[in-house]
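Counting from 1, one number per residue, gives the positions in the sequence shown under UniProt numbering.
Don't be surprised by glycine CBs; every beta carbon is placed ideally from N, CA and C.
Nothing here was measured: the structure is a model prediction, and the numbers come from that model.
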Amino acid sequence: MGNTLTAYTTNSKKTMQLFPYALIRVGGDSFEEWARLKFPESDEIVNAICELHQKQKESKEVLCDSLFEFISSSKSAEVQNIVQNLRRDIFNERKLKNSKLNKALEVLPQLLKEDLQSYVQLLKELKEKAQAGESIYADELKMGREDLKKLVNSDLLKKGLILSSRTLLNRLDSFQKRPVDKFRKKEHQVEQSLLQYLTRMYAKTSPFSTFTNLSIGKIDESMQGIQINTVNGQQVTGHIRLNNYLLKFIMDLLKNYRPSYILFPLRCNPTYQNRGDHFLYLTNNNNIESFQRIPYNPVVEHIAGVVQEYTEGIRFLDLIESLQNDIDAPAEEVESYVKQLVEFGLLEYNIGVSGVDPDWDVKLIEALGSQAKQGVKYINELLETLKAIRKLGNKYAESDVKGRHDLLQNAYDEFRAIFMKIHEEAGLPADERKTEKELIEEAKKKKEEETKKKDDKKEKEVEEEGKEEEVTFKHETSTYFSMKPEQIFYEDTTREVNALLSKGEIHEVISQLNELLNEMRFFKGNEDEKLKMQVYFLKKYGEQEKVDLLTFYEDYFREFKKPEKEREEQRKKKAREKQKQIKEAGGSDKVKGEQDAKQRVDKDQEKDTVDEFELPGGKEKKERVQNWRTAVKEQLSKTVQWNENEIIVDQTPVQHANEKVGFIDTAGEANSYGSFLQFYYEEGKLKASVNSTFPGYGKMMSRFLHIFQHELTEEIRNRNVELCDGDSIFIEDCDASYFNANLHPTLMPYEVWMPGGHNSLPADKQIPITDFCVMYNADAGELNLVHKATGKRAYVFDLGFQGHGGRSQLFQLLERFTKAEYLFTQPLVNVVNQFNTPDEDKEKSAAKYKISVLPRIMYKDVLVLQRKSWLVPKALLPQRHPNDSDWQYFKNVNIWRKDNNIPDEVFVFVNTNRWGDEGMDEDAMKKLTRDDYKPQYIDFTNPLLVHLLEKLIDRVPASMKIVEMLPNSKQMLKVDDSRFVSEFVVQWYNK
């Protein structure tokens with residue numbers, strides 16, 4: 001059944017070659033600006049308190065032991081009682097009453113008296129320090145808030161807020177005018193939001209607008225170190241494009257505007273097939289796919305045949321005129337019939353404009369130019385509006401905050417005006433032209449009426465349910481204008497720098513990463529899904545069959561993926577029900593035990609009812625993976641000493657494990673790889689924190705290529721072509737998704753043409769989805785995608801930024817037939833985290849809650865595979881006590897984090913899973929915001945950020961993940977003489 005459980009060798013030697021350019025993401029402003037927000041005296045006194053607190057803990061332990069020995073040796077019950085009462089108060093850190101102290105001092109020996117008095121003096125010093133800190137803290141906090149107001153004046157911040165949070169931007173003026181000692185709840189809320197945006201600018205690379213700038217670094221052979229110098233006086237340049245969702249609004253509108261759509265070229269759905277008694281094709285509506293079957297009709301066959309004669313498509317109007325000679329029906333009926341075929345997805349408009357083209361508006365102006373010349377009402381005005389908006393966008397990039405605000409509103413007003421003119425001319429519902437305010441008012445009235453007519457409401461719901469069923473078969477277009485001003489533009493910014501990176505140093509770091517990734521090929525991504533497809537194929541069709549791609553797709557998703565998804569949803573539903581029952585029962589262990597027992601029974605039943613395409617060898621594979629992990633642990637135990645702070649590993653444990661399980665395919669084929677890295681120097685040596693690894697081929701640069709020199713794009717294209725041999729075809733995956741993060745130039749020689757897909761290449765470079773078949777390659781033990789006409793193997797590449805969850809099912813299936821490899825270091829990291837747990841932890845009694853510490857993991861003391869982390873259950877996070885002042889909470893938080901050896905600077909995760917945990921409490925889920933899975937920078941020496949931390953803790957559903965900042969602010973690379981947070985996208989090739 002293929003090579004999943006068998007090893008093979010690759011004898012050809014590969015050489016690693018760096019791509020000569022690196023994409024650099026640089027913080028929106030220098031960390032020096034943020035560092036002005038200091039609280040030195042509060043930090044100093046907290047450090048002193050923490051030292052005293054540590055001494056007090058140590059003294060308490062010694063004193064309690066000494067008092068216990070005294071009590072044990074004393075023969076007087078009265079003396080024992082006096083000292084025991086005092087000892088309990090000391091042990092539990094209760095307030096020591098003078099009466100108890102004096103009585104104890106009367107009966108204790110001299111040495112113990114002195115120890116007790118020293119301890120009391122220590123408590124007094126702690127109290128005095130804490131009291132002294134109250135006023136110092138209050139003064140610095142007030143000054144800190146004044147300094148925060150100064151940071152708010154940053155144009156880069158305000159420019160970014162225009163497109164990301166106009167609500168917050170509009171509140172800044174009143175926030176700055178309000179005296180800091182008179183802050184209300186409203187100002188504190190603004191402060192919290194500001195801190196989150198500011199820390200993104202100064203401490204984290206977020207690829208959005210002015211919060212993060214982009215640059216290109218050249219990897220230079222003659223260079224030593226990493227040198228980044230500004231050009232043109234730290235100039236930050238905005239690059240504005242029109243949001244590609246505007247294209248969807250325009251096309252949905254024009255598809256309902258007869259004077260326009262009758263001039264659009266029509267192509268036949270690329271999946272259209274005549275099956276004799278019916279027509280079969282795949283349709284895509286808003287990236288939801290459905291196979292359609294229409295009963296055989298000679299008229300449909302004829303229309304499809306005529307359209308198929310035209311590669312680029314035939315105009316709707318010309319098609320109607322052509323059909324007049326062959327179909328005995330009035331032109332209006334023929335037109336209506338063709339329009340229905342469009343709505344049902346058998347025919348598709350082909351205007352030659354792609355939703356992933358950064359310059360889609362320019363292409364649309366070209367495509368609609370002929371309509372403007374023919375005098376289609378409002379089309380010329382639409383094109384002039386698009387030109388005007390692009391000009392406004394260019395001005396927007398160069399304008400100040402107020403200018404940007406006005407330009408954005410002007411662009412929005414102009415677009416909305418022409419949209420409404422065409423909307424009205426097209427005879428579309430007048431209700432859709434109402435403003436948001438009018439619609440809200442109407443919704444209120446409608447709700448009042450519906451409460452009085454419940455029966456009518458029920459009938460209406462039934463009618464609407466029927467309509468919803470039709471949507472899955474018919475292409476629906478939304479012509480309601482729901483855009484907001486901030487959605488008109490999207491912005492990238494570049495920082496003008498001359499960035500040179502030492503080829504020798506970068507090559508040394510990347511070669512180590514490449515070495516490790518190649519050793520980790522045993523865990524190559526997507527292999528399980530590929531195996532599922534292979535097992536299904538062999539069982540369904542056999543080894544010798546060549547199966548049409550769409551036939552395989554339809555069968556596989558109907559018979560395998562759909563039941564698999566249903567089982568997974570059922571499992572999640574049971575998990576939620578279990579969590580709910582435990583909560584309703586007060587979290588009782590008895591209920592939990594009963595639920596666990598029931599779950600075991602359910603799993604046993606599942607074993608008896610698994611579907612017929614269950615993966616063979618699944619048990620063997622799990623055993624093999626477990627054997628790999630065990631072998632890594634064995635080798636680690638011989639070569640590595642456990643250290644809670646840092647563990648250094650090399651490739652030896654992985655090589656040993658690969659040999660143990662018989663896996664020696666660590667060379668692979670010629671391929672391209674990439675990684676997000678944060679470089680820093682430690683004792684003169686270049687190191688890098690590995691944020692993620694991914695396939696190369698320009699994937700993680702693609703989104704930004706349009707803002708740099710065209711030569712960079714050509715360099716990537718040329719290298720991609722070089723990796724494609726004469727026996728294969730490289731094709732870019734496409735679907736109907738509208739998503740700005742997917743905007744990029746085409747980087748492969750060909751594109752897939754699928755229903756509704758965004759194609760950018762000429763028609764002769766678009767390969768229809770029906771031109772492919774799937775076959776089994778027995779020699780390689782894998783499924784291949786084959787181009788029918790040439791017999792060449794086809795490799796499909798996803799080169800956009802969008803996650804697979806938002807992609808169509810066909811897009812996802814095609815991406816399994818890729819040459820790109822998903823290689824990760826995480827399997828090694830997971831084993832290191834599990835191996836050789838310290839004995840003292842094993843001996844500890846099972847506690848209900850415990851802070852788990854994961855060490856920093858270094859590969860050959862060059863690559864940070866894992867930053868040191870703390871997983872803290874919510875109950876163990878520092879909560880504010882009801883009577884605590886801000887100062888007391890700040891002090892207690894810092895004592896807590898020092899007790900747990902947590903550094904000053906960290907990133908915290910409120911929710912470690914973007915989509916939430918299936919067993920997560922529903923009430924906890926409701927508290928989460930959409931960004932709570934993202935890392936938030938926290939500096940424990942900054943009271944403002946400790947306030948933010950307090951609010952974040954309140955939203956934690958189960959536990960908070962705390963991760964050291966590495967590189968920290970002191971290790972940040974410099975642009976000129978100023979520190980900037982930075983991240984590099986480095987790409988390389990194995991040839």
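- The C-alpha of Ile389 is placed about 20 Å away from the C-alpha of Thr210.
- Taking the Cα of Ala875 as reference, the smallest distance to any Cα among Lys373, Arg955, Ala411, Arg200 is reached at Arg955.
- The alpha-carbon separation between Met533 and Leu783 amounts to approximately 8 Å.
- Contact check for His53 against Ile716 fails: the beta carbons are separated by 9 Å or more.
- Taking 3 residues as the minimum length, the beta strand (DSSP E) runs contained wholly in the segment 850-900 are 852-854, 856-859, 863-866, 869-873, in order along the chain.
- Annotated three-state conformation of Glu515 is helix, per DSSP.
- Residue range 685-695 is occupied by the beta strand (DSSP E) that includes Ala688.
- Counting the other Cβ atoms within 10 Å of the Cβ of Asp727 gives fewer than 16, which makes it exposed.
- Between Thr212 and Gly403, the C-beta spacing is not below 9 Å.
- Contact between the segment 257-272 and the segment 347-360 is present, with at least three C-beta pairs closer than 8 Å.
- According to the DSSP secondary-structure assignment, Asn284 is paired through a beta bridge with Glu289.
- In this structure, the beta-carbon distance from Glu964 to Arg897 does not fall below 9 Å.
- Here Lys255 is buried, its C-beta having at least 16 other C-beta atoms within 10 Å.
- For Gln987, same chain residues with a beta-carbon under 6 Å away, outside a window of 5 residues either side, are Phe19, Gly674, Gly696 in chain order.
- A Cβ-Cβ separation of about 15 Å leaves Phe415 out of contact with Thr435 under the 8 Å criterion.
- The Cβ atoms of Leu163 and Val26 lie no closer than 9 Å to each other.
- Secondary structure note for Asn740: it is in no alpha helix (DSSP H), with a DSSP letter that is neither H nor E.
- Nearest C-alpha to Leu966 among Ala203, Ser72, Asp181: Ala203.
- Distance from the CA of Lys574 to the CA of Ala924, rounded to the nearest whole angstrom, comes to 18 Å.
- Secondary structure at Cys734: coil, using DSSP grouped into helix, strand and coil.
- DSSP places Val946 in the uninterrupted alpha helix (DSSP H) bounded by 943-955.
- In terms of CA proximity to Arg629, Asn830 leads the group Leu761, Asn830, Ala430.
- Spatial neighbours of Asp764 in its own chain (CB-CB distance under 6 Å, excluding positions within 5 residues in sequence) are not present.
- Only residues of its own chain outside the window of five on either side were considered, and among them Ile422, Glu425, Ala426 have a CB closer than 8 Å to the CB of Tyr257, listed in chain order.
- Collapsing the DSSP output to three states places Asp318 in a helix.
- Val975 is a Cβ neighbour of Ser30, given a cutoff of 9 Å.
- Contact between Lys891 and Val46 holds, since their C-beta atoms are separated by about 6 Å, short of 8 Å.
- Here Phe907 carries a strand assignment [DSSP, helix/strand/coil].
- Secondary structure of Ala780 (DSSP, three-state): coil.
- In this structure, Val632 sits near Leu828, with a CB-CB distance shorter than 9 Å.
- With a cutoff of 9 Å on beta-carbon distance, Lys38 and Gly144 are scored as near each other.
- Beta-bridge analysis with DSSP links Arg241 to Tyr490.
- Where Pro298 is concerned, the enclosing alpha helix (DSSP H) starts and stops at 298-308.
- According to DSSP, residue pairing for Val752 in a beta bridge involves Ile767.
- Lys565 and Gln273 have their C-alpha atoms roughly 28 Å apart.
- Within the same chain, Glu187 come within 7 Å of Arg178 by CB-CB distance, once the 5 residues on both sides are set aside.
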